[in-house]
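Below is one structure, written out as structure tokens; comments come after it.
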Amino acid sequence: MTPWLERLEQTTLEPARTTTRGYYYLVGGLLAVIGWALYAYYVQITDGLVVTGMRDRISWGLYITLFVFFIGISHAGTLISAILRVSNATWRTPVTRMAEFITAVALITGALFVVVDLGRPDRLFNVLIHGRWQSPIVWDVIAITTYLTASLVYLYLPMIPDLAFFRERLTGRVPRWKSWLYRKLAIRWQDTDTQKRKLHVSISIMMILIIPIAVSVHTVVSWIFAMTLREAWNSAIFGFFFVAGAIFSGIATLIIMMAILRKVYRLEEFVTLKHFRYLGFLMAAMAAVMLYANVSEYVTSGFKLEEGAAFIFRQLFVEEFAPYFWFYLIAGLIIPIAMMFTPALRTVGGIVAAAVLVDLAMFVERYFIVVTGLRAPLLAYEPANYAPTWVEWSIAAGGFAFFALLVTLFVKVFPIMAVYEMKEEREALARPRELEGATEGSTP
Amino acid sequence: MTAVWRAFAVAIVVVTMCLIPASLAVAQELEIELFAPEDGITGQPVEIAAFVREAGTGRPVEGATVVFFGDASFVGVGGDIELGRATTNEAGFGILRPSFSVSRVHEIRVEMLDAPEVAPDSVSISVSVGLQIIEPEAGVSIPGVGAWVVTLVIAAVWAIMIVAAFGFVSVSRSGKEAEAADRDNEARRHLIPQLSIAPVGTGIMVLVGIGLVVLLIRSPESHSNLDPEGYDRTAVAYLEATYVYPGPGHAPAALTGDAVTDGRVLFMSYGCAGCHGVDGQGTSAARTPAFATRSWVETVVRAGLPGGMPAYGAGEVTSDQLDLIHDFLLAARDRITALGGPTTTPPVVTTSVPTTVPGEVPTAVGFEEDIAPLFNAECGACHGSAGGWSAATYREVVESGDNGPAVIPGDVAESVLAQKVSGTQTFGAAMPPVQQLPPDEVALILAWIQNGAPERAVAGTGATLFADRCAVCHGAAGDGGAAGPPLTGPPLPPTDIVSVVTDGRGAMGGFAASLTPDEISQVAGFVVTLGEAVPGDEPSLAGGAEVFRLHCARCHADDASGDVGPALTISTLTTDQTRAVIADGRSEMPAFGEALSSDDIEAVLLFLEDRRASAGPDLTAAPSGTGVPHPGSELYAAACATCHGADARGGVASGLAGTALSANEVIARVFGGHEGGMPAFEGVLAADDVQNVASYVLELEEEGSRTGIPTIAIFGLAALALLLAAAALWRTGWFNKGGGRGTGEPSNSDERR
Numbered sequence: 142m143t144p145w146l147e148r149l150e151q152t153t154l155e156p157a158r159t160t161t162r163g164y165y166y167l168v169g170g171l172l173a174v175i176g177w178a179l180y181a182y183y184v185q186i187t188d189g190l191v192v193t194g195m196r197d198r199i200s201w202g203l204y205i206t207l208f209v210f211f212i213g214i215s216h217a218g219t220l221i222s223a224i225l226r227v228s229n230a231t232w233r234t235p236v237t238r239m240a241e242f243i244t245a246v247a248l249i250t251g252a253l254f255v256v257v258d259l260g261r262p263d264r265l266f267n268v269l270i271h272g273r274w275q276s277p278i279v280w281d282v283i284a285i286t287t288y289l290t291a292s293l294v295y296l297y298l299p300m301i302p303d304l305a306f307f308r309e310r311l312t313g314r315v316p317r318w319k320s321w322l323y324r325k326l327a328i329r330w331q332d333t334d335t336q337k338r339k340l341h342v343s344i345s346i347m348m349i350l351i352i353p354i355a356v357s358v359h360t361v362v363s364w365i366f367a368m369t370l371r372e373a374w375n376s377a378i379f380g381f382f383f384v385a386g387a388i389f390s391g392i393a394t395l396i397i398m399m400a401i402l403r404k405v406y407r408l409e410e411f412v413t414l415k416h417f418r419y420l421g422f423l424m425a426a427m428a429a430v431m432l433y434a435n436v437s438e439y440v441t442s443g444f445k446l447e448e449g450a451a452f453i454f455r456q457l458f459v460e461e462f463a464p465y466f467w468f469y470l471i472a473g474l475i476i477p478i479a480m481m482f483t484p485a486l487r488t489v490g491g492i493v494a495a496a497v498l499v500d501l502a503m504f505v506e507r508y509f510i511v512v513t514g515l516r517a518p519l520l521a522y523e524p525a526n527y528a529p530t531w532v533e534w535s536i537a538a539g540g541f542a543f544f545a546l547l548v549t550l551f552v553k554v555f556p557i558m559a560v561y562e563m564k565e566e567r568e569a570l571a572r573p574r575e576l577e578g579a580t581e582g583s584t585p
Numbered sequence: 059m060t061a062v063w064r065a066f067a068v069a070i071v072v073v074t075m076c077l078i079p080a081s082l083a084v085a086q087e088l089e090i091e092l093f094a095p096e097d098g099i100t101g102q103p104v105e106i107a108a109f110v111r112e113a114g115t116g117r118p119v120e121g122a123t124v125v126f127f128g129d130a131s132f133v134g135v136g137g138d139i140e141l142g143r144a145t146t147n148e149a150g151f152g153i154l155r156p157s158f159s160v161s162r163v164h165e166i167r168v169e170m171l172d173a174p175e176v177a178p179d180s181v182s183i184s185v186s187v188g189l190q191i192i193e194p195e196a197g198v199s200i201p202g203v204g205a206w207v208v209t210l211v212i213a214a215v216w217a218i219m220i221v222a223a224f225g226f227v228s229v230s231r232s233g234k235e236a237e238a239a240d241r242d243n244e245a246r247r248h249l250i251p252q253l254s255i256a257p258v259g260t261g262i263m264v265l266v267g268i269g270l271v272v273l274l275i276r277s278p279e280s281h282s283n284l285d286p287e288g289y290d291r292t293a294v295a296y297l298e299a300t301y302v303y304p305g306p307g308h309a310p311a312a313l314t315g316d317a318v319t320d321g322r323v324l325f326m327s328y329g330c331a332g333c334h335g336v337d338g339q340g341t342s343a344a345r346t347p348a349f350a351t352r353s354w355v356e357t358v359v360r361a362g363l364p365g366g367m368p369a370y371g372a373g374e375v376t377s378d379q380l381d382l383i384h385d386f387l388l389a390a391r392d393r394i395t396a397l398g399g400p401t402t403t404p405p406v407v408t409t410s411v412p413t414t415v416p417g418e419v420p421t422a423v424g425f426e427e428d429i430a431p432l433f434n435a436e437c438g439a440c441h442g443s444a445g446g447w448s449a450a451t452y453r454e455v456v457e458s459g460d461n462g463p464a465v466i467p468g469d470v471a472e473s474v475l476a477q478k479v480s481g482t483q484t485f486g487a488a489m490p491p492v493q494q495l496p497p498d499e500v501a502l503i504l505a506w507i508q509n510g511a512p513e514r515a516v517a518g519t520g521a522t523l524f525a526d527r528c529a530v531c532h533g534a535a536g537d538g539g540a541a542g543p544p545l546t547g548p549p550l551p552p553t554d555i556v557s558v559v560t561d562g563r564g565a566m567g568g569f570a571a572s573l574t575p576d577e578i579s580q581v582a583g584f585v586v587t588l589g590e591a592v593p594g595d596e597p598s599l600a601g602g603a604e605v606f607r608l609h610c611a612r613c614h615a616d617d618a619s620g621d622v623g624p625a626l627t628i629s630t631l632t633t634d635q636t637r638a639v640i641a642d643g644r645s646e647m648p649a650f651g652e653a654l655s656s657d658d659i660e661a662v663l664l665f666l667e668d669r670r671a672s673a674g675p676d677l678t679a680a681p682s683g684t685g686v687p688h689p690g691s692e693l694y695a696a697a698c699a700t701c702h703g704a705d706a707r708g709g710v711a712s713g714l715a716g717t718a719l720s721a722n723e724v725i726a727r728v729f730g731g732h733e734g735g736m737p738a739f740e741g742v743l744a745a746d747d748v749q750n751v752a753s754y755v756l757e758l759e760e761e762g763s764r765t766g767i768p769t770i771a772i773f774g775l776a777a778l779a780l781l782l783a784a785a786a787l788w789r790t791g792w793f794n795k796g797g798g799r800g801t802g803e804p805s806n807s808d809e810r811r
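If you read the sequences in order, they're chains A and B. Be aware that the first sequence starts at 142, since it is given in our numbering, and climbs by one per residue. Be aware that the second sequence starts at 59, since it is given in our numbering, and climbs by one per residue.
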């Protein structure tokens with residue numbers, strides 16, 4: 142075993158083996174936030190949705206914003222695991238596991254926010270029992286369920302060899318439930334050729350299948366808005382816009398997660414500046430795409446200014462929502478592009494800062510898409526105003542805490558790095574050099 | 059002598075014998091028998107016949123009226139409803155053809171009208187569900203594209219996913235073989251076979267996938283509402299067969315070849331049914347077109363008619379399509395007649411000059427006064443020029459016409475106009491062609507012609523003129539009527555009266571065109587006698603009250619508390635402004651500058667001041683915290699809370715608590731409404747109520763803001779915090795390169811890919 146592999150394995154085993162006190166503090170803190178959010182949800186269940194800021198005119202607010210936001214983040218995994226795998230970008234291997242897991246966790250959190258938005262969550266099953274296929278919401282349910290299943294499958298399949306690795310190395314050194322878990326989940330992986338072949342077939346199927354599924358998910362989420370006739374939402378490019386925004390915010394979230402985990406679990410050797418740079422460039426490219434989409438939408442409708450469009454433009458560009466919109470445009474789209482073009486800022490810290498701005502800006506963008514769309518009056522009445530209440534903020538914080546908690550727990554239990562893939566990739570790269578002979582003197 | 063007695067006896071016997079059958083006939087008993095089919099279908103007419111016969115002889119009775127009843131119940135209340143009446147024909151049958159919309163057993167009963175001694179008969183009809191009335195099919199129909207396509211796509215995706223997931227099972231199985239090859243078999247034996255996660259996980263996936271697909275398969279059929287079993291709709295109209303109605307404005311795609319069916323499709327597709335009814339039976343919006351001729355249909359459809367009938371050019375509705383529509387209308391005639399005739403009321407057309415008192419044919423009928431507005435409304439649409447006869451002016455009415463003069467004064471029988479409107483014409487069609495004029499209008503025209511077709515009604519004295527022309531609005535005795543104020547107050551100078559009558563004022567039209575100056579002065583003289591002088595020179599409160607009662611009270615009520623007009627006891631106007639309003643009027647209030655002298659106006663102002671003082675607002679005395687609920691709070695809850703929120707914090711409308719408006723502004727807004735949708739409560743709330751509500755609102759204090767910290771502050775703080783944290787972390791060097799377990803080995807980052 143090469144020293145590099147030794148180091149990789151040790152790094153990967155470390156979180157599952159040892160637990161620091163900081164971990165317990167973190168989990169405790171997150172649980173506290175989640176507990177407070179549960180109390181807020183209890184208040185909402187007993188007193189009704191009147192405790193939120195949502196009323197009859199603006200009936201979607203922070204919850205739907207976060208729903209769209211989290212579903213958007215879930216596209217990180219698709220991009221890194223599937224698209225980069227299909228295009229054979231080998232640099233992705235250290236980050237694929239994190240990306241895939243962010244996908245699954247974000248999907249769960251996003252789906253939870255939809256349930257939270259319901260004043261009568263017991264009626265959720267009516268969607269299944271009485272659903273009509275003509276409804277974008279039913280499409281949403283179908284698409285998100287399909288994507289969640291697919292991403293869980295796609296998370297699990299490449300993890301099987303790593304779980305086998307954990308099973309071999311950790312049995313007896315970790316609590317018994319963990320040993321049992323690894324043994325079960327590794328499903329008798331013995332690294333035989335037959336198994337490798339079968340796994341490879343399944344992964345190949347999934348990696349191609351999950352791309353259209355992921356595209357369809359956020360397209361369908363966007364159609365919750367775009368299939369209405371509200372002036373701000375009545376846009377044909379919403380599907381594309383949302384998918385691009387999803388990949389965009391997914392990359393940003395991945396960068397942030399990577400930076401944090403890299404620091405905490407000392408992954409600097411494997412998750413390097415190069416990864417951040419590549420992801421940063423992808424993010425800047427998506428920012429450019431988003432910029433183009435925004436320009437396309439606003440110039441097209443602004444030139445014509447059909448009935449009601451003037452109100453949308455006014456509230457978005459100069460009046461109530463101007464701070465949000467210009468923050469999103471400048472800090473979320475233009476500045477990250479500029480930062481990626483500035484060599485001095487192309488450090489890990491700079492890229493992470495850009496990613497933070499992007500995530501913040503995308504959250505703001507989801508927020509003002511939802512609220513400005515609902516704010517435009519459909520009849521001649523005064524436009525309403527919306528402001529989230531403490532209940533909504535508490536549950537939002539709880540959602541983020543839930544997301545962080547799941548990531549934290551996952552890292553504790555499952556292999557954080559795709560050891561098997563990284564090993565494979567390194568061997569594949571080393572082999573040609575061996576074939577070329579030892580003249581170069583490089584060690585595999 | 060005996061011969062006389064014998065003749066007398068014979069006469070008595072003969073007379074008695076004649077009387078007996080007559081009395082017998084009077085006392086003859088009647089019987090009713092009801093005939094009806096046993097079954098019926100919802101929406102289709104069922105023929106019910108009642109046979110009335112004499113009890114003994116069984117001879118049919120003609121001309122008896124029978125009443126049909128059906129049973130009905132609604133939300134626990136049951137009873138009989140009258141289905142209709144019929145008069146027996148010469149065969150003794152009275153026939154009704156109702157249709158039922160509920161599929162159950164209907165109990166039908168028949169009785170003789172006003173003859174309770176005749177025993178009623180009843181019968182049961184079992185009505186079952188009939189054809190669905192309309193199969194809606196909106197949008198574009200692409201053959202083969204439906205829910206099945208989406209279902210198949212999603213099923214395919216899940217199938218592929220499950221195939222990939224079966225990789226679990228195959229990996230696990232081959233691993234099992236490898237393990238078995240590695241170690242001895244006796245190492246593990248379990249009584250309960252261990253469930254490998256692979257089959258379980260895959261099984262869950264399969265179930266979820268199947269569940270989703272089942273959801274899709276299930277939805278369209280169980281919720282489409284297109285053909286549910288045993289469900290019948292309350293129908294607007296009935297069709298003999300189902301057909302495809304593609305929706306208004308869409309080109310009718312499926313013409314079946316049957317003229318009546320296709321005609322109905324076209325009739326509905328082009329929007330005719332929207333005004334004329336689905337059966338063409340007519341509605342309050344438009345008359346029935348079912349009894350019109352083919353050429354008339356074409357004329358009206360191509361040219362339109364005033365009152366809302368649009369014109370359809372040949373490119374929109376072709377002549378062939380009109381043939382089909384007309385065939386449908388012909389078929390509709392029988393149905394409409396069976397339902398009791400056209401169910402239209404002609405659209406109401408208002409005229410600017412009131413016609414004579416309805417129900418009476420005036421003795422003096424003049425063209426200008428009575429006939430011209432009638433012709434304008436009923437004839438003018440076509441008879442600018444149709445048939446060479448114009449109904450526009452008197453000369454043209456009397457003299458024009460391609461077929462000779464339309465009006466021969468004094469000769470009703472020979473006047474073409476009279477013949478046409480009564481339906482006795484010798485050529486062409488009756489007029490108006492669609493439907494005959496109401497009988498009183500026909501009578502009016504005939505009376506006019508009979509009286510010599512004068513241009514103006516015969517002149518009369520001032521009193522008769524007043525009774526004829528003015529009493530309609532001003533009342534028979536001039537004390538005020540439906541549309542005009544009383545004329546019994548302090549009279550205007552005669553010259554003023556003359557000018558008012560001649561030129562009109564406000565809503566009153568001028569009579570310059572219809573009365574000669576002589577007549578006008580006669581009327582004026584009569585009106586002067588109606589008025590009474592009010593004593594007193596100085597404006598006084600009593601005088602003001604009197605003036606108010608005579609001129610203002612009919613709108614503002616005797617005590618100025620408001621009726622049709624707003625309450626005057628509470629007002630934001632100054633005295634000068636009030637004076638200006640009285641003099642010049644405002645919106646619907648007429649100007650009294652000419653009717654009232656300035657003294658009178660001052661007197662009215664005194665009166666109003668007095669009223670305000672005694673009933674005016676006292677907003678400083680609002681009780682608070684005394685435990686007694688504020689008198690305005692109930693009113694607020696009733697009238698304001700729906701928009702402004704029960705706690706006055708706002709809802710659909712803005713919050714009112716802690717308002718910065720002054721009392722006058724609040725009152726003005728409540729009275730007159732406010733932009734953004736606040737209605738005016740003038741006339742809805744009495745002055746006292748407005749005062750109470752206003753004081754209630756004004757004393758509401760503003761509590762903390764409902765929604766808390768403005769959102770932008772939260773966002774700003776969060777962004778600021780994150781940026782500060784990032785900056786601080788950056789300064790600590792936590793994100794820089796470093797750390798890791800460097801052992802000298804080249805790391806990934808050093809290798810260029």
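Cβ atoms here follow ideal geometry from the backbone N, Cα and C, with glycine treated the same way.
Contact between the segment 149-166 of chain B and the segment 95-104 of chain B is present: 3 or more CB-CB pairs across the two stretches fall below 8 Å.
Around the Cβ of Lys-339 (chain A), a 10 Å sphere holds 16 or more other Cβ atoms; the residue is buried. Using a C-beta cut-off of 8 Å, the segment 494-504 of chain B makes contact with the segment 473-480 of chain B, since at least three inter-stretch Cβ pairs fall below that distance. Pairing His-416 (chain A) with His-216 (chain A) gives a Cβ-Cβ distance that is not under 8 Å.
One finds nothing in chain B with a Cβ atom closer than 9 Å to the Cβ of Met-239 (chain A); even the nearest lies about 16 Å away. Under the three-pair Cβ rule at 8 Å, the segment 322-329 of chain A counts as touching the segment 221-236 of chain B.
Taking a contact to require three or more Cβ pairs closer than 8 Å, the segment 465-480 of chain A and the segment 430-437 of chain A qualify as touching.
Unbroken alpha helix (DSSP H) stretches of 4 residues or longer found wholly inside the segment 203-245 of chain A: 203-214, given in chain order. Identification of chain A residues near Ala-511 (chain B) by a Cβ-Cβ cut-off of 8 Å yields none; the smallest Cβ-Cβ distance measures about 54 Å. Only Thr-335, Gln-336, Lys-339, Leu-340, Val-342, Ser-343, Ile-346, Met-347 from the segment 335-347 of chain A bring a Cβ to less than 7 Å from some Cβ of chain B.
Taken in chain order, the members of the segment 210-222 of chain B whose beta-carbon sits within less than 8 Å of a beta-carbon on chain A are Ile-212, Val-215, Trp-216, Ile-218, Met-219, Val-221, Ala-222.
No residue range can be given for Ala-488 (chain B), since it is assigned to no alpha helix (DSSP H) and is classified by DSSP as neither H nor E. At a cut-off of 8 Å, the C-beta of Leu-220 (chain A) has no neighbouring C-beta in chain B. With 16 or more neighbouring CB atoms inside 10 Å of its own CB, Lys-478 (chain B) falls in the buried class. Rounded to whole angstroms, Glu-499 (chain B) and Ala-430 (chain B) show a C-alpha spacing of 12 Å. In the three-state reduction of the DSSP assignment, Leu-92 (chain B) falls in the strand class, which pools E and B.
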